[in-house]
Amino acid sequence: MNALTVTLGAIGVAFSLVAWASFIGGVGTMVRAIMIGQPAPDRWRPFFPRLKTMIVEFLAHTRMNKFRTVGWAHWLVMIGFLAGFILYFEAYGQTFEPEFHWPIFGDWHIYHLADELLGIATVIGIVTLIVIRQLNHPRVPQRLSRFSGSRFGPAYTIELIVLIEGLGMVLVKAGKIATYGHATAWTDFFTMQVAELLPSSVAMVSVFAFVKMVSGSTFLLLVGRNINWGVAWHRFAAFFNIYFKRENDGGVALGAAKPMTSGGKALLDMEEIDPDNDTLGVGRVEDFSWKGWLDFTTCTECGRCQSQCPAWNTGKPLSPKLLIMSLRDHGVAKAPYLLAGGRKDMGGDEVGLVDAEGKPNEAALAKISDKAKAEAERPLVGGEDVGGIIDPEVLWSCTTCGACVEQCPVDIEHVDHIIDMRRYQVLIESEFPTELAGLFKNLENKGNPWGQNAKDRLNWMSELDFDIPVFGQDAESFDGYEYLFWVGCAGAYEDRAKRTTKAVAELLATAGVKFMVLGAEETCTGDSARRAGNEFLFQQLAMQNIETLNSVFEGVEDSKKKIVVTCAHCFNALNNEYPQVGGTYEVVHHTQLLNRLVRQKKLVQVKPVSEKVTYHDPCYLGRHNKIYNAPRELMSASGAKVTEMPRHGERSMCCGAGGARMWMEEQLGKRVNLDRTDEALAALGGGNEPSMIATGCPFCRVMLTDGVTARKDSGEVGQGVEVVDVAQLMLQSIDRVEPGTLSENLKVIQEPKRVEPEPVSEPEPVAEAAPAEPKPAPAGKGLGMKGSGKAPGGGLGMKGAAKAPGGKAPAEAEESGEASAAPAKGLGMKGGAKAPGGKGLSMKGAAKAPGAKATEAEPAAESAPVTPTAKPGGLGMKGGAKAPGGKGLAMKGAAKAPGAKSTPAESAASPSDGAASTETGTETAAAEAAPTETKPTVAPKGLAMKSGFKKPGAKAPGAPKPAATESAAPAESAASPSESTAPSETGTTETAATETGPVESKPTVAPKGLAMKSGFKKPGAKAPGAPKPAAAEPAAAESSSAEPAAETAPAQPDESGASDAGNGDAPKPPTAKPGGLGFKSGAKAPGRKN
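Have a look at this one:
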């Protein structure tokens, strides 16, 4: 120790103290910034599996070793950097006293060997990485470099520091050997040779140690002051990011999309959302979870995600790396504002730093830097004109193929973050590509992306020569069947995908697999809706499908609830995402099942496929679900000679259809499907000879077929290429079986399950549990009332507590002496609807049937005084609907049907009837007002999930209908003139009236976006059918049976089924005037006032 060594040592220690203070401060700032994120309580447990994953990925370098040279070089640098901290701290003592070493183990030979290896490995590793970075430098061409967009200043700085550290390890040891000797050949084999080149100098050893110490301290100083240097911070943050990864089994964040969360709570039931407090998606950087912030911090800017991204590789603006870097830089810049308590509402007004009066606290805001306040004003998603962080073109270019997530060495969850931002744009801002509006509408109204009718889902079966059982038609239960064949929307409607469906059906039938299909009961699984950000629509479709599937698998044990699918997207949704919302089934892809049948020798190749074949891995089959071998084994079983494309397996190039991109046009760059098609044609030698591109997903098939067609039109390549499904290759290689045999193979004889006497008696408890005790029905000539409704004389059978005006005095009931239940004749009214004055047809919402002829008064009541005409206000109108003059059809939403004549039957009523009419008018108006929901007056935005708006969700199950317990009408009343008019009123309109029951009133504000406001029809599962009312007496069964049938029958354009309702021997109803009833959806009723 001398003056030089002491001076160097003092300077080094002082500098290192400053550096450590900077580093510790940076760690604190980073932790506080990460804690800004929303809670993520599911990321902590289970501890040991997560710890194991972290250790394995760290030590075995399982993620990095996918990249041969880079893998081992990075491992050397990582070990040298972490273990080198022991040597870094030893340099403190060596600066003061060059002969210093750690006590106890510092003289061990194993320690000297470790020192030797670490120094050499660090230098070799970092030099290799420096060379690789330069070879991939984004000079020319820029977009082909994975480092394009990465910041080279921090990268070069860190690389230089690591190189100096590695050289320091070697030179300090070599200097000590040159100065003091004490070398051993097997522990100092390299540094002994270097020592021969160095002089013996104590000062030299001290200088080497000083440089080594200062370089390490410089690293600490710089990274502490730049917490957005991911190239440096990933050395510490990666351990935590790997531990807290989404999948606790060590898998990557693919397969199921992360559920939409708010405050750490998964929003899996739209009915439970609190619009005032819950955040839908991510609209600001603080809406990301703390794991999202940790993702941003951990990004190394290595660009592996960028190199695999189909959008970036075809000239789109999206780079997963640049997206994460933008979010990180924005978060770091905005953090001071957020940490100070700043927060803005959706309108951009300050609500965090406010004074007692709610005004912005200028004193508190003044303490925040102008840069942070300016960053807080920027929208998360927006164009350059508004200073957005993420451009909309970037956000919507993603195909959610998962290549970025699969390749990321530090387990960043790019796709989840993109979907979260899309959710906010769709559900709150209503900002999304215009093509998606059509997709959402078709999914909501028709249950499929193409907007086709549900009845057409079975059209593909007409192209087969054998019969396939359909649930509900050919089979009433799943008994005796092995699989439910989920055909999917593409497999049912798209002509090219139909070939896959038919091939799979024939192969399964050939192998003797008992399967059935759902047919018209199928609905889109909602994959495209969820990837496009419409979480509400996904959940409604999922719940509807789960309800259908549960009905199919009713009474089936869980291990036998098996579904086979041909669509990779359906497979992913049913297998990975439906369990999130309560639907758990065993789902297999058709390539898996067919491969299993080949192994069981149930499918045997007899004529191998002769054409040259290449295989395209569907993203949602391969990367998302790790199914790579089954399709290839199936192709091999067909005798096909497969030539792999350069990008295959987990690095397969996307076809461009995922992430709802199937339904959007590509306006920028090269089309993704053309890029993939060119790669396939190159693998097939141009494709001008007979050859095939095989795949296992109908979306991929459509995209690749379009690409091949485009290339064929150019006339240069692809002239002999056909795009097929793997199943078609197998079908081509086997002996085809006669259609009769196939039909016989699928035939299942089910034992009838007739242990159902219980349902007959089940409604009895319902009647006992009815809220209102039924009153004895008067012996009037009216219709049997439902529930606690009162049966007026000659009125219509009303549902619920509705009372029909104009009814005769209850004294007539006593005269009749009948106690049996009166059959419900005419139209059973729902809710609190009122039949005004006994005139016309009492529709729901006070709608009146047009064109109904006047009813002749009963002979017994001819001498009765004329009852005063019911006021228009007596009608309980819904949604502000006006019944003009009692004429025509009082349509919902103020629409009026012209041409309806008034009913002069009022003259047949008694004075007491008039009082009853007035009384019931008031009651009905109150009953109608009760369920009416007040509509907010603010203009809706997005789905308008604000306070006061009704949340979209599954329709409530139909309430059980109360049993009919009222006494039957006398036999002679069946032939009364008032009853004889019932069919004329109800015959033509009963079906329409009963079907309009569940229709909700529409808000008057113009909808924006998906307009999921109260009153708008919510997409999703149909409510389970309500239990049918039980007849209290057998005598009432015949006449009352028409009403349940009318209620459960689907709405039809014709009204042929209406004649069964009402009185059987009544004359046929008059033909309704044109425009009277049955307005088409969206059609304007003539005469409607604005």
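For what it's worth, my numbering labels the leading residue of the sequence shown as 483, then goes sequentially.
The C-beta atom is built at its ideal place from N, Cα and C for all residues, glycine as well.
Only a predicted model underlies this, so the values are computations on that prediction, with no experimental measurement involved.
- Here Thr1223 is exposed. Its C-beta has fewer than 16 other C-beta atoms within 10 Å.
- In this structure, the beta-carbon distance from Gly635 to Ser801 does not fall below 8 Å.
- For the pair His591 and Phe497, the Cα-to-Cα distance works out to about 32 Å.
- Given a length threshold of 3 residues, each whole run of the beta strand (DSSP E) inside the stretch 1055-1106 is given here in chain order: 1068-1071 and 1094-1097.
- Leaving aside the five residues that flank Phe718 on each side, none in its chain has a CB nearer than 7 Å to its CB.
- DSSP places Val1203 inside the beta strand (DSSP E), whose first and last residues are Val1203 to Asp1207.
- By the criterion of at least three beta-carbon pairs nearer than 8 Å, the stretch 866-874 is not in contact with the stretch 1136-1143.
- Setting aside the 5 residues that flank it on each side, Thr761 is surrounded in the same chain by Ser744 and Asp769, each with a C-beta closer than 7 Å to its C-beta; the list follows chain order.
- The residues Ala660, in chain order, have a CB closer than 8 Å to that of Pro681 in the same chain once the five nearest residues on each side in sequence are set aside.
- In the DSSP assignment, Leu645 falls within the alpha helix (DSSP H) that extends over Phe634 to Tyr662.
- Non-local beta-carbon contacts of Cys890 in its own chain, meaning distances under 6 Å to residues more than five positions away in sequence, involve Cys787 in chain order.
- Contact between Leu940 and Val952 holds: their C-beta atoms lie close to 7 Å from each other, under 8 Å.
- When beta bridges are read from the DSSP output, Thr743 appears opposite Ala748.
- Ranked by Cα distance from Leu820, the options Arg628, Gly566, Ile850 and Gln1074 are led by Ile850.
- Ranking Arg1013, Met695 and Asn1016 by CA distance to the CA of Gly648 puts Met695 first.
- For Ile806, the uninterrupted alpha helix (DSSP H) run begins and ends at Pro802 to Leu821, by DSSP.
- Contact between the stretch 818-838 and the stretch 852-859 is present, with at least three C-beta pairs closer than 8 Å.
- Every beta strand (DSSP E) stretch that sits fully inside the stretch 947-1002 and reaches 3 residues is listed by chain position as 965-968 and 997-999.
- Bounds of any beta strand (DSSP E) do not take in Ser1196; it lies within the alpha helix (DSSP H) bounded by Pro1180 to Ser1196.
- Counting along the chain, Thr1048 sits inside no beta strand (DSSP E), nor does DSSP assign it H or E at all.
- Counting the other CB atoms within 10 Å of its CB gives Met536 a total of 16 or more, which places it among the buried residues.
- Val1203 is a Cβ neighbour of Val1190, given a cutoff of 8 Å.
- Secondary structure in the stretch 661-709: the alpha helix (DSSP H) runs of 4 residues or longer, each lying completely within the stretch, are 673-677 and 684-707 in chain order.
- Membership of Met1174 in the beta strand (DSSP E) is indicated by the continuous run Ser1173 to Thr1177.
- The DSSP-derived three-state label of Val833 is coil.
- When secondary structure is reduced to three states using DSSP, Gln1149 falls in the coil class, being assigned neither helix nor strand.
- Using a C-beta cut-off of 8 Å, the stretch 1141-1160 makes no contact with the stretch 1117-1124, since fewer than three inter-stretch Cβ pairs fall below that distance.
- The Cβ atoms of Ala573 and Ala691 lie closer than 8 Å to each other.
- If you ignore the 5 residues before and after Gly732, its C-beta comes within less than 6 Å of the C-beta of Thr535, all in its own chain and listed in chain order.
- Secondary structure of Ser771 (DSSP, three-state): strand.
- Counting along the chain, the unbroken alpha helix (DSSP H) around Asp1009 starts and ends at Asp1009 to Arg1013.
- For Lys855, the enclosing alpha helix (DSSP H) stretches over residues Asp852 to Ala858.
- Here DSSP, grouped into helix, strand and coil, assigns Val1124 to strand.
- Spatial neighbours of Gly870 in its own chain (CB-CB distance under 8 Å, excluding positions within 5 residues in sequence) are listed in chain order as Arg860, Pro861, Leu862, Val863 and Gly864.
- Between the stretch 534-553 and the stretch 585-604, the count of Cβ pairs shorter than 8 Å is below three; the stretches do not touch.
- Pairing Phe922 with Tyr1110, the inter-Cα distance amounts to about 32 Å.
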